[in-house]
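Engineer: Chains as they are written, first to last, in my numbering: chain A, 1 to 185; chain B, 186 to 787; chain C, 788 to 918.
Just so it is clear, CB atoms sit at the ideal spot from N, CA and C, and this is done for glycine as well.
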Amino acid sequence: MGCAHQLRRIDWAGPCVLALAALLLTLPCLAAEQAPEYGVKAAFLLNFTKFADWPPAAFADGQAPMQICLLGKDPFGRVLDDLVQGEIVRGHQLTVRRITQPPPPQTCQVLFIDPAMKELRKIVEGLPQGVLTISEGDGFLHNGGMIALVIDNRRVRFDIDVAAVEKAGVKLSSQVLSVARSVTK
Amino acid sequence: MRRFRDRPIKQKLVIITLATTGVALVLAGVGNVLVDSLLFRGYLRRDLTVLARVIADNSLGALSFNDPNAAAQTLSALKERSHITGACIYRKTSPEKAELFAQYAPTSEFSCPAAQPGAEVTGRGMTLIEPIVLNGRSIGTLALQSDLGELYERLRIYSSTILGVFLASLLLASLLLNRLRAVITTPIARLVRATTHVSHTGDYSIRAEKLSGDEMGLLVDRFNDMLAGIQSAFREIDKQRARFHFMAESMPQKIFTARPDGEIDYFNPQWMEFTGLSFDQIKDWGWTQFVHPDDIDENMRVWKQALEAGEPFHFEQRFRNAAGKYRWHLSRALPMRDATGNVTMWIGSNTDIHEQKEREEALRRANEDLQQFAYSASHDLQEPIRNVTIYSEIVASRYHSVLDAEGQQFLGFLKEGGHRLSTLVRDLLAYTRASMAELNDQPVEASEVFRNSVTALSEPIREAGAVVTADELPKVYIGDVHLQQVFQNLIGNAVKYRSDAPPRIHIAVQPIGRMWRFSVQDNGIGIDPEYKEKIFGIFKRLSHDNKYSGTGIGLAICQRVVERYGGRIWVESEPGTGSTFYFTLPNNAQTARSAAIQSSGG
Amino acid sequence: MAEDNLPDALLVREAVRAEKLPLEIHVASDGEQAIAFIARADADPDAPCPHLLLLDLNLPKKNGFEVLKRLRASEKCKDIPVLIMTSSDAPEDRQRAAELGAGYFRKPGSYEAFLKLGGVLKELLTVRGTD
Numbered sequence: 001m002g003c004a005h006q007l008r009r010i011d012w013a014g015p016c017v018l019a020l021a022a023l024l025l026t027l028p029c030l031a032a033e034q035a036p037e038y039g040v041k042a043a044f045l046l047n048f049t050k051f052a053d054w055p056p057a058a059f060a061d062g063q064a065p066m067q068i069c070l071l072g073k074d075p076f077g078r079v080l081d082d083l084v085q086g087e088i089v090r091g092h093q094l095t096v097r098r099i100t101q102p103p104p105p106q107t108c109q110v111l112f113i114d115p116a117m118k119e120l121r122k123i124v125e126g127l128p129q130g131v132l133t134i135s136e137g138d139g140f141l142h143n144g145g146m147i148a149l150v151i152d153n154r155r156v157r158f159d160i161d162v163a164a165v166e167k168a169g170v171k172l173s174s175q176v177l178s179v180a181r182s183v184t185k
Numbered sequence: 186m187r188r189f190r191d192r193p194i195k196q197k198l199v200i201i202t203l204a205t206t207g208v209a210l211v212l213a214g215v216g217n218v219l220v221d222s223l224l225f226r227g228y229l230r231r232d233l234t235v236l237a238r239v240i241a242d243n244s245l246g247a248l249s250f251n252d253p254n255a256a257a258q259t260l261s262a263l264k265e266r267s268h269i270t271g272a273c274i275y276r277k278t279s280p281e282k283a284e285l286f287a288q289y290a291p292t293s294e295f296s297c298p299a300a301q302p303g304a305e306v307t308g309r310g311m312t313l314i315e316p317i318v319l320n321g322r323s324i325g326t327l328a329l330q331s332d333l334g335e336l337y338e339r340l341r342i343y344s345s346t347i348l349g350v351f352l353a354s355l356l357l358a359s360l361l362l363n364r365l366r367a368v369i370t371t372p373i374a375r376l377v378r379a380t381t382h383v384s385h386t387g388d389y390s391i392r393a394e395k396l397s398g399d400e401m402g403l404l405v406d407r408f409n410d411m412l413a414g415i416q417s418a419f420r421e422i423d424k425q426r427a428r429f430h431f432m433a434e435s436m437p438q439k440i441f442t443a444r445p446d447g448e449i450d451y452f453n454p455q456w457m458e459f460t461g462l463s464f465d466q467i468k469d470w471g472w473t474q475f476v477h478p479d480d481i482d483e484n485m486r487v488w489k490q491a492l493e494a495g496e497p498f499h500f501e502q503r504f505r506n507a508a509g510k511y512r513w514h515l516s517r518a519l520p521m522r523d524a525t526g527n528v529t530m531w532i533g534s535n536t537d538i539h540e541q542k543e544r545e546e547a548l549r550r551a552n553e554d555l556q557q558f559a560y561s562a563s564h565d566l567q568e569p570i571r572n573v574t575i576y577s578e579i580v581a582s583r584y585h586s587v588l589d590a591e592g593q594q595f596l597g598f599l600k601e602g603g604h605r606l607s608t609l610v611r612d613l614l615a616y617t618r619a620s621m622a623e624l625n626d627q628p629v630e631a632s633e634v635f636r637n638s639v640t641a642l643s644e645p646i647r648e649a650g651a652v653v654t655a656d657e658l659p660k661v662y663i664g665d666v667h668l669q670q671v672f673q674n675l676i677g678n679a680v681k682y683r684s685d686a687p688p689r690i691h692i693a694v695q696p697i698g699r700m701w702r703f704s705v706q707d708n709g710i711g712i713d714p715e716y717k718e719k720i721f722g723i724f725k726r727l728s729h730d731n732k733y734s735g736t737g738i739g740l741a742i743c744q745r746v747v748e749r750y751g752g753r754i755w756v757e758s759e760p761g762t763g764s765t766f767y768f769t770l771p772n773n774a775q776t777a778r779s780a781a782i783q784s785s786g787g
Numbered sequence: 788m789a790e791d792n793l794p795d796a797l798l799v800r801e802a803v804r805a806e807k808l809p810l811e812i813h814v815a816s817d818g819e820q821a822i823a824f825i826a827r828a829d830a831d832p833d834a835p836c837p838h839l840l841l842l843d844l845n846l847p848k849k850n851g852f853e854v855l856k857r858l859r860a861s862e863k864c865k866d867i868p869v870l871i872m873t874s875s876d877a878p879e880d881r882q883r884a885a886e887l888g889a890g891y892f893r894k895p896g897s898y899e900a901f902l903k904l905g906g907v908l909k910e911l912l913t914v915r916g917t918d
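Below, the structure written as structure tokens:
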């Protein structure tokens, strides 16, 4: 809250330094504010891995790591890495992989697509079986996405397209479904 | 509150049975209820645990995705379960901290504590803490609280069932008891009735019925045996009593029995016939009215003495019969003792000795007269005899020259005859005097009499050079004069009939029964056994020569005296060695007196 | 002498003669006569008491002891020596004689023994101091 107030005080050049300083000081705050949202979203990402069941074909073998791939701009930053660090889901070590350009590799089980990415639908359709696609914004599901993270009522919520999930061969726990803002079949 | 011990057996049986049954049932019931409640508690816990797990699982999503509403919704499903009083989900914010995430509070009484409660069960009912685990890691906690209403309900149902069963069992048990109790109580009651009947009526002929073969049956058998024994004992007693009565009634004597204190409790019919009165009139001490006034005092004294000492009673008294005449009776009584030696009763008899007594009396008087006559006769005879003797002596000496040889011889005969007559009369006098002299009841010291006798014989003793000794002599019941006569005669004889050796004479005494046996032992010429008894005859002498003076009446006198007092006299002797004269005298007044009474007839 | 038996009385005379005692013998033949003698002596101051009284016990009318009693009751004659002369040997007689202060002489069965009476009389008289 403090940060909002301080943003309005940027009028004078003299006090610009002060403003800059203030800005600098608020950066961590901003970062912190910004970080909470993506921190939560990162947590959600992690959670999804815990509530989802991939088909065995999705993994090379039982010991293969589970990759969370970030396609496009990475909004999470270190937060996701810290969160994922050391997590093991169903025997698969969780790792984070960043891909700047499509197509994503075949080894991703979770794919977070930058909502600003072009030709979303094509990317999604081109994906193999066993990939859980997550992105942000309402339109994602129309594009064939599975889980769309949204902000609803100042809270991070998500919508799920169950059919798409099932088509990909992934099973989602009812727990997740019950918590979703909306579930589309 | 009567002691349990004193209650009737029926009651005891009932109490015991119901108490044991009751206790068993109570224990079983309580045990059951306890066990069941424990088990049910466990079941409830498991149930709750399952529920908690389910809820926890169902809350995973809400908790992970931080959706309290979803969690609350999940929790609200708990309202289906009426026994759940509340639920709280805590979200782990840090390894140590967890904050309240969602709650279910159906009533105002319940509210979730802000911080996760400890692991223990708190508050009423049952609280379960279940960790909410996602992927092996705890992301929160679920606290689920349930009241124990189900438990209590179950307990209630269970208890009432148990109670119902309990009462029903008791009822059944008592019914059964009622039926079966009789098996035990009836034989007992029968026996009790039988014994009561016997003790009330004294009828020993009845027998108890044996109803069972157990210990009661044995008791009945023994009881019947006992009754039979008592019955036969009583029959025996009756028989003995009948025998006694028959004996007592058929005897000519009067029979009586008395209690230890002297009161007469039985007179046989002879008594009633004699007195002409009924038993009631003469029982206890009523018989005293029939005793002669002269005899009654001594009678009572002797009777009381016998009673006190427990010694046989013996008395002669006069009883007045129905016609008012007194008759002499000999009364005797003996005490009967029990096993410990105490006198239980006296049995006595009174024999009519009147005729006998009169005869005795007459005889005694006759004898007394005779003796009196003999005494005075012999006394009077003395004088003329003396005259004869002396004057024949005078004539012989003074007119010696006038007489011729024959005349002198005749005169000699006169003299001798006179002498003999004189001695005879003197001895007769002594003999009769021995019979007549007064008896005294006082005992006399024999040693004193002995000394007197020795003194009286001092001349002959000295002349013979005799040594006369004696043991310590006791008191004897005999007149001192008489005893002196005996001693003097015996010692005198011992000195007189001596052998060539200086006479040694010794008097000894030995108690034999109720008599003293004296012995006078000498070392004289002895006596031929053939004449052992003859020597005691009056005027009997064994040697007719004049070597030994005396008429031979001495021993007769001794015999007369000794027998007068109830004793005996005899001799043991060996010719050439010596003789021992024995005589017995009583050591008590009674024997002496009764002997005297008897012997005055002879 | 009070004696009812003439032979005995004569024997006494023999004994006195044998002992040559200067005695005059008066004989009372029964108890009453003897008592009368004493009474006379009491009544009459001139009538003398005997110097010695020989007393048979077996006297008619009154016996010897009665005479003796009367004698001892007499003022004049009570102290004269008395010899009881009797055939009785009864101890009670002897005792009674001793009680009444009289000597006792049992009439013996032989002449010789009877003569001893003389010596006894002599003794009695000399003891009393009369001749």
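What number of angstroms, rounded off, separates the C-alpha of M146(A) from the C-alpha of T184(A)?
Structural biologist: Distance from the CA of M146(A) to the CA of T184(A), rounded to the nearest whole angstrom, comes to 9 Å.
Engineer: For A255(B) versus S178(A), is the C-beta distance shorter than 7 Å?
Structural biologist: yes
Engineer: Mapping DSSP to helix, strand and coil, what is V791(B)?
Structural biologist: Nothing can be reported for residue 791(B): it is not among the residues displayed for chain B, which extend from 186 to 787.
Engineer: Does the segment 372-380 of chain B come close enough to the segment 394-409 of chain B to have 3 or more Cβ pairs within less than 8 Å?
Structural biologist: Cβ pair count under 8 Å is three or more, so yes.
Engineer: In the DSSP assignment, what are the bridge partners of C108(A)?
Structural biologist: Q67(A)
Engineer: Could you tell me whether the Cβ atoms of A805(C) and L904(C) are closer together than 7 Å?
Structural biologist: no
Engineer: Starting from K894(C), find everything on chain D with Cβ-Cβ shorter than 7 Å and list it in chain order.
Structural biologist: Absent from the structure: chain D. Protein chains present are A, B and C.
Engineer: Give a yes or no on whether 7 Å exceeds the smallest Cβ distance from D135(A) to chain B.
Structural biologist: The question names Asp, but residue 135(A) in the sequence shown is Ser. Not closer than 7 Å to any Cβ of chain B, the Cβ of S135(A) fails to qualify, so no.
Engineer: By how many angstroms is the C-alpha of R605(B) removed from the C-alpha of V746(B)?
Structural biologist: 24 Å
Engineer: Is the segment 244-263 of chain B touching the segment 271-284 of chain B in the sense that three or more CB pairs, one from each, lie closer than 8 Å?
Structural biologist: yes
Engineer: S417(B) by DSSP, collapsed to three states: which one?
Structural biologist: S417(B) falls in the helix class under three-state DSSP.
Engineer: Distance, Cα to Cα, P454(B) vs I415(B)?
Structural biologist: One alpha carbon belongs to P454(B), the other to I415(B), and they sit about 31 Å apart.
Engineer: Pull up the CB-CB distance for Q670(B) and I742(B), whole angstroms please, since I reckon it's below 8 Å.
Structural biologist: 6 Å
Engineer: Enumerate in chain order the residues of its own chain whose CB-to-CB distance from F419(B) is below 6 Å, with the five nearest sequence positions on each side excluded.
Structural biologist: none
Engineer: Would T574(B) pass as an interface residue toward chain C - the criterion being a Cβ-Cβ separation below 7 Å?
Structural biologist: yes
Engineer: I need the straight-line Cα distance from A237(B) to L327(B), nearest angstrom please.
Structural biologist: Distance between the alpha carbons of A237(B) and L327(B): 7 Å.
Engineer: Reducing DSSP to helix, strand and coil, say where I481(B) ends up.
Structural biologist: helix
Engineer: Name the chain B residues that come within less than 8 Å of S874(C), Cβ to Cβ?
Structural biologist: H564, Q567, E568 and R571
Engineer: Grab me the residues of E434(B)'s own chain with a C-beta within less than 7 Å of its C-beta, minus the 5 sequence neighbours each way, in chain order.
Structural biologist: N453 and P454
Engineer: Under 8 Å, CB to CB, which of the residues in the segment 789-803 of chain C have a partner in chain B?
Structural biologist: N792, P794, D795, L798 and E801
Engineer: According to DSSP, simplified to helix, strand and coil, what is V306(B)?
Structural biologist: For V306(B), the predicted model reports a pLDDT of 49, less than 50, meaning its position is unreliable; a value from the coordinates is still stated below. Three-state result, V306(B): coil.
Engineer: Hey, out of P103(A), R90(A) and Q101(A), whose CA is closest to L46(A)'s CA?
Structural biologist: Considering only P103(A), R90(A) and Q101(A), the residue with the shortest C-alpha distance to L46(A) is R90(A).
Engineer: Taking H838(C) as the reference, which of H813(C), D795(C), L793(C) and E790(C) has the closest Cα?
Structural biologist: H813(C)
Engineer: CA-CA distance, L210(B) and L355(B)?
Structural biologist: Each residue's alpha carbon lies about 9 Å from the other.
Engineer: What residues from chain A crowd round F295(B), counting only those whose CB sits closer than 7 Å?
Structural biologist: Residues of chain A passing the Cβ test: none, with the nearest at roughly 25 Å.
Engineer: Does the Cβ of I411(B) have 16 or more other Cβ atoms within 10 Å, making it buried, or fewer, making it exposed?
Structural biologist: Here the sequence assigns Met to residue 411(B), which means Ile is not the residue at that position. With fewer than 16 other Cβ atoms within 10 Å, it is exposed.
Engineer: Does Y891(C) have its Cβ less than 7 Å from a Cβ in chain B?
Structural biologist: no
Engineer: Taking V40(A) as the reference, which of V156(A), I68(A), Q109(A) and T107(A) has the closest Cα?
Structural biologist: V156(A)
Engineer: Using beta carbons (cut-off 7 Å, strictly below), is R633(B) in contact with chain C?
Structural biologist: Going by the sequence as given, residue 633(B) is Glu instead of Arg. Output row for E633(B): interface = no.
Engineer: Find the residues of chain A that neighbour A287(B), judging by a C-beta separation of less than 8 Å, and give them in chain order.
Structural biologist: Neighbours of A287(B) on chain A: none; closest Cβ ~12 Å, over 8 Å.
Engineer: Residues in the same chain with beta-carbon distance under 6 Å from W531(B), minus the five sequence neighbours each way, listed in chain order, please.
Structural biologist: Here W531(B) has A443, A518 and P520 as same chain residues with Cβ atoms under 6 Å from its own Cβ, once five neighbours each way along the sequence are excluded.
Engineer: Counting Cβ pairs closer than 8 Å, one from the segment 91-107 of chain A and one from the segment 198-214 of chain B, do we hit at least three?
Structural biologist: no
Engineer: Could you tell me which of G169(A), I160(A) and E166(A) sits nearest to V176(A), measuring between CA atoms?
Structural biologist: I160(A)
Engineer: Here's the rule: buried if 16 or more other CB atoms are within 10 angstroms of the residue's CB, otherwise exposed. What is L793(C)?
Structural biologist: exposed
Engineer: Can you tell me the Cα-Cα spacing of L596(B) and D791(C), whole angstroms?
Structural biologist: 27 Å
Engineer: Applying the criterion that 16 or more other CB atoms from any shown protein chain within 10 Å of the CB defines a buried residue, is G62(A) buried or exposed?
Structural biologist: exposed
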